Amino acid sequence: MGLFLGALGVVYGDIGTSPIYALQTIFNPGDPHPVPVNTENVFGIVSLIFWSVTIIVTVFYVGLAMRADNDGEGGIMALITLLRRQVDSRGRKAAFALAALGIFGAALFLGDSMITPAISVLSAVEGVKTVSSGLEAAIIPATAVIIVLLFALQKRGTHVIGRWFGPIMAVWFATLALFGIGGIAGNPEILRALSPTYAIDFVFGNFGVAFFALAAVILTFTGAEALYADMGHFGRKPISRAWIAVVFPSVMLNYMGQGALILEDSGNVAGSFFLLAPEFLRIPLLLLTTVATVIAAQAVISGAFSVASQASELGYLPRLRIAHTSEHQYGQIYVPWINWLLMVSVLVLVFAFRTSEALAFAYGMAVIGTITIVSLLFLYVARIRWGAPRWALALGGGLLLAIDLAFLSASSTKIIHGAWLPLLIGVLAFTVMITWQKGREVVTFERESREGSLQEFVEKLREGEPKVARVPGTAVFLDRGKHSAPLAMRSNLEQNHARHSQIVILSVVTEPVPRVAEDDRLTVDQLGDDRDGVMHVTARFGYMETPDVPRALEGIEPEQAEGRRLNLHRATYFLSTIQLKPGKARTMATWRKHLFIATSHITADAAEHFRLPRERTMIIGSHIEV
């Protein structure tokens, strides 16, 4: 029940607050291609909403996509990890191409994470206009204050936020359902919209209007990707059960109630959500709506933390400082740099667009773009991982992609009206990620060429080259692999002419799984004989774990250290740091070199990242040209 309520509070805020503005946006007379308000169109739109949400969210995400997990973790980066595991040469090119497409989808999701908090909070605060037109001037300042408070709260962790927000969202969904039932009771005829024939007649009988309406219908399933991306926070079963038992019936009842209200009077379109409530309940509803939309932003914020963390561990972003906020759920994390970047971006959007209607044009493109890419990746994974029959993929996948592409095509008509924004954000984020991946490959190659063979270095050390003094103690040199000598170790011997009696060369490996069992954590290899006192240790961590190096090294048994117990309580840790500068080699375009170097400045402090004791950590630097 705790995870169930937590999922309501964190995962479903976005999609659960879409009834506030979705129908109002669809029938917005200020739209460049407005949908006329008449009986046929109201039935058609409500039917289209019902079946769109059913197919995309219930069938695809809850029924299918959430089963394609990476050891419990979901989201587009989990699908990319599954693709990267494919070693079949016949499918390697396709897997790499789809992985690149997936990175762009992840970039679009980050754009969605900026737009969702802005439009959600703005749409709720704008409800004050139904109470008093004199309060309109306070909308933007109040929205900004709420957004700052929301992002300041993130460091508490999703388990705490979910515990606070879950009961509130339970009240919210009950309110949606009750007011929706009240609207339906006034005009039960709206229930006929459950028939798919109304959606089909609307689309094919009035295609010119319906096509442009699809761009706004997307607003009804925004937050669908958050269900998948947040799976590591709460698990598949609590999320799927919350959707089937509470969220789906509540939002559908509310959409139908609003549709019934519009059938009674087309003038109700402007505030159909708030007008469902009796007049004496509108101020309490406004307060509840404001709180709910603040919670709505939480779904994509938590998802953005998960996506950024996984991208960092898979080599598409620099190493970021990540705080794990729960002892029981490994996937519950907080990423400070991403949090404050999102906050600044959201505030800029609020002050730039100023109304939820203006932001709505930009909203749908990021959502449907990500959903379409997830669909493509999922179908490929279903074929290579589960061996799904080709005919089933062609039939079911073809229908799913046809629906996604129809929505995507409709959203493309809004590019000049604001849909360019998520595309721009996506392109910028995608460029940063692939540039970081490429630059990282260049630096790794140059670094390995300088480091030289580790085995040869140990043999020369045994032979007395260079001549160095042997001092008591344990030195731990962090290195990227087992085959090259750490730059810090070379520099220390050359400059200080001394070595510790016990040397541990440590490689930290991030496995493409969320967690690594303790029994599989360490691999110890002796380099030379017991007189050398040099060993190599590989420490493995999952990409959702905090790499606590000192704690991991405590797992080395005496027999693994040639019968000697390492004195890790007084060990000195050595780190190699690299200062990057653009070089003349044609490794990348000049502008990409500068972008890579600029991006490197957000890299988290290595000593803090690996939980090294500051007073016993030495950092030795060098220069590398890219």
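Under the UniProt record's numbering, think of the first position of the sequence shown as 1, with each following residue one higher.
Ideal Cβ positions, reconstructed from N, Cα and C, are used throughout, including at glycine.
Computed from a predicted structure; not experimentally measured.
- Could you check the C-alpha separation between Phe407 and Ala215 for me, to the nearest Å? On the sequence shown, position 407 is the one that residue 407 refers to. On the sequence shown, position 215 is the one that residue 215 refers to. In a straight line, the C-alpha of Phe407 is about 6 angstroms away from that of Ala215.
- Provide the residue(s) that pair with Gly542 in DSSP beta bridges, ordered along the chain. For the purposes of this step, residue 542 is identified with residue 542 of the sequence shown, where counting begins at 1. Beta-bridge pairing links Gly542 to Glu511.
- Query: Would you report the Cα separation of Trp591 and Val432, rounded to the nearest angstrom?
  - Reply: Locating residue 591 in the sequence shown gives position 591, counting from the first residue. Locating residue 432 in the sequence shown gives position 432, counting from the first residue. For Trp591 and Val432, the distance between alpha carbons rounds to 11 angstroms.
- When Ile597, Ser47, Ile403 are compared against Thr197, the one with the closest alpha-carbon: For the purposes of this step, residue 197 is taken as residue 197 along the sequence shown, with counting starting at 1. Closest by alpha carbon: Ser47.
- Can you name the start and end residues of the alpha helix (DSSP H) that Ala308 belongs to? For the purposes of this step, residue 308 is taken as residue 308 along the sequence shown, with counting starting at 1. Counting along the chain, the alpha helix (DSSP H) containing Ala308 begins and ends at 282–313.
- Task: Alpha carbon to alpha carbon, how far is Val247 from Val62? Give it in angstroms, no decimals.
- Result: Locating residue 62 in the sequence shown gives position 62, where the first residue counts as 1. Locating residue 247 in the sequence shown gives position 247, where the first residue counts as 1. Taking the straight line joining both Cα atoms gives about 12 angstroms.
- Query: For His536, which option in Ser250, Lys584, Ala485, Leu135 has the closest C-alpha, if you only look at C-alpha atoms?
  - Reply: If you number the sequence shown from 1, residue 536 lands on position 536. Considering only alpha carbons, the answer is Ala485.
- beta strand (DSSP E) containing Ile578: first to last residue? As a first step, residue 578 is located in the sequence shown; it is residue number 578 there, counting from the start. Taken as a continuous stretch (DSSP letters only), the beta strand (DSSP E) holding Ile578 covers 572–581.
- Could you tell me if Ala589 is buried or exposed, where buried requires 16 or more neighbouring beta carbons within 10 angstroms of its beta carbon? Here the question's residue 589 lines up with position 589 in the sequence shown. The residue is exposed, with fewer than 16 neighbouring Cβ atoms inside 10 Å.
- Assign Ser89 to one of three DSSP states: helix, strand, or coil. What you label residue 89 is simply residue 89 of the sequence shown in a count that begins at 1. At Ser89, the pLDDT of 44 sits below 50, so the modelled position is not reliable; the number obtained from the coordinates is stated separately. DSSP places Ser89 in helix when its eight states are reduced to three.
- Message: Rounded to the nearest angstrom, what separates Ser302 and Phe274 at their Cα positions?
- Response: Sequence index remark: in the sequence shown, residue 302 carries index 302 (1-based). Sequence index remark: in the sequence shown, residue 274 carries index 274 (1-based). One C-alpha to the other measures close to 28 angstroms.
- Measure the C-alpha to C-alpha separation of Ser123 and Ala226 and round it to an integer number of angstroms. Here residue 123 refers to the residue found at position 123 when the sequence shown is read from its first residue. Here residue 226 refers to the residue found at position 226 when the sequence shown is read from its first residue. Going by the C-alpha atoms only, they are around 20 angstroms apart.
- Local Cβ density within 10 Å of Ser89, reported as buried at 16 or more and exposed below that: As a first step, residue 89 is located in the sequence shown; it is residue number 89 there, counting from the start. With a pLDDT of 44 at Ser89, under the threshold of 50, the modelled position of that residue is not reliable, and the figure given next carries that caveat. The residue in question, Ser89, is exposed, as its Cβ has fewer than 16 Cβ neighbours within 10 Å.
- Message: If the criterion is Cβ atoms closer than 8 angstroms, does the pair Lys581 and Glu625 meet it?
- Response: Within the sequence shown, numbered from 1, the residue matching residue 581 stands at position 581. Within the sequence shown, numbered from 1, the residue matching residue 625 stands at position 625. Yes; because the gap between Cβ atoms is below 8 angstroms, this pair is in contact.
- Item | Spatial distance of Phe207 from Ala213 (CA atoms) | If you number the sequence shown from 1, residue 207 lands on position 207. If you number the sequence shown from 1, residue 213 lands on position 213. C-alpha separation (whole angstroms): 9 angstroms.
- Through-space distance from Arg480 to Gly44, alpha-carbon basis: Walking along the sequence shown from the start, residue 44 turns up at place 44. Walking along the sequence shown from the start, residue 480 turns up at place 480. Going from the Cα of Gly44 to the Cα of Arg480 covers about 59 angstroms.
- Query: Where does residue 657 land, buried or exposed, given buried means 16+ other C-beta within 10 angstroms?
  - Reply: Nothing can be reported for residue 657: it is not among the residues displayed for the chain, which extend from 1 to 626.
- Message: Between Thr372, Leu286, Val524, Met114, which has its C-alpha nearest Gly555's C-alpha?
- Response: Counted from its first residue, the sequence shown places residue 555 at position 555. Cα-wise, what sits closest to Gly555 is Val524.
- Item | For Ser52: DSSP bridge partner residues | Taking the first residue of the sequence shown as 1, we reach residue 52 at position 52. For Ser52, which the question treats as bridged, DSSP gives no partner whatsoever.
- Since Ala469 is in the beta strand (DSSP E), which residue starts that stretch and which ends it? For the purposes of this step, residue 469 is taken as residue 469 along the sequence shown, with counting starting at 1. Here the beta strand (DSSP E) through Ala469 covers 469–479.
- Message: Taking its Cβ as the centre, do 16 or more other Cβ atoms sit within 10 Å of Trp172, making it buried, or is it exposed?
- Response: For this step, residue 172 is matched to residue 172 along the sequence shown. It is buried - the Cβ of Trp172 has at least 16 other Cβ atoms within 10 Å.
- Item | Cβ pair count under 8 angstroms reaching 3, the segment 63–75 against the segment 233–243 | yes
- Could you have a look at Gly182 and say whether DSSP puts it in helix, strand or coil? Residue 182 sits at position 182 when you count from the first residue of the sequence shown. Helix, per DSSP.
- Message: For a test of the three-state rule: what should DSSP assign to Asp69, helix, strand or coil?
- Response: Reading the sequence shown from its first residue, position 69 is the one you call residue 69. Coil.
- Message: By DSSP's criteria, Gln502 is part of a beta bridge. Which residues make up the other side?
- Response: What you label residue 502 is simply residue 502 of the sequence shown in a count that begins at 1. Gln502 pairs with Thr474.
- Could you tell me the boundaries of the alpha helix (DSSP H) in which His594 lies? Indexing the sequence shown from 1 puts residue 594 at position 594. First-last of the alpha helix (DSSP H) with His594: 590–600.
- Item | Distance, Ser622 Cα to Val443 Cα | On the sequence shown, residue 443 is found 443 positions in, with the first residue counted as 1. On the sequence shown, residue 622 is found 622 positions in, with the first residue counted as 1. When rounded, the distance between both Cα atoms is 12 angstroms.
- Query: So Leu612 packs on Pro550, CB below 8 angstroms; how close in whole Å?
  - Reply: In the sequence shown, counting from the first residue as 1, residue 612 sits at position 612. In the sequence shown, counting from the first residue as 1, residue 550 sits at position 550. At roughly 7 angstroms, the Cβ-Cβ gap stays under 8 angstroms, so Leu612 and Pro550 are in contact.
- Task: Determine the contact status of Thr293 and Thr17, defining contact as a CB-CB distance below 8 angstroms.
- Result: As a working mapping, residue 293 is identified with position 293 in the sequence shown. As a working mapping, residue 17 is identified with position 17 in the sequence shown. Against a cut-off of 8 angstroms, the Cβ pair of Thr17 and Thr293 comes out as a contact.
- Task: Alpha carbon to alpha carbon, how far is Phe445 from Thr599? Give it in angstroms, no decimals.
- Result: Taking the first residue of the sequence shown as position 1, residue 599 is located at position 599. Taking the first residue of the sequence shown as position 1, residue 445 is located at position 445. Answer to the nearest angstrom: the Cα atoms are 19 angstroms apart.
- Task: Decide yes or no for the touch test of the segment 355–366 against the segment 411–426: beta carbon pairs closer than 8 angstroms, at least 3 of them.
- Result: yes
- Task: Determine the DSSP secondary structure at Val334, reduced to helix, strand or coil.
- Result: Residue numbering aside, residue 334 sits at position 334 when the sequence shown is read from its first letter. Checking the sequence, you will find Tyr at residue 334 rather than Val. Strand at Tyr334.
- Message: Can you tell me which residues form a DSSP beta bridge with Ala323?
- Response: The sequence position of residue 323 within the sequence shown is 323, counting from 1. DSSP lists Tyr334 as partners of Ala323.
- Just the C-alpha distance for Gly398 and Asp230, rounded to the nearest angstrom, thanks. By 1-based counting over the sequence shown, the position of residue 398 is 398. By 1-based counting over the sequence shown, the position of residue 230 is 230. Gly398 and Asp230: Cα-Cα distance of roughly 27 angstroms.
- Counting only the same chain and skipping the five closest in sequence on each side, list residues whose C-beta sits under 6 angstroms from that of Tyr21. Residue mapping note: residue 21 aligns to position 21 of the sequence shown, counting from 1. Hits under 6 angstroms: Ser123, Ser356.
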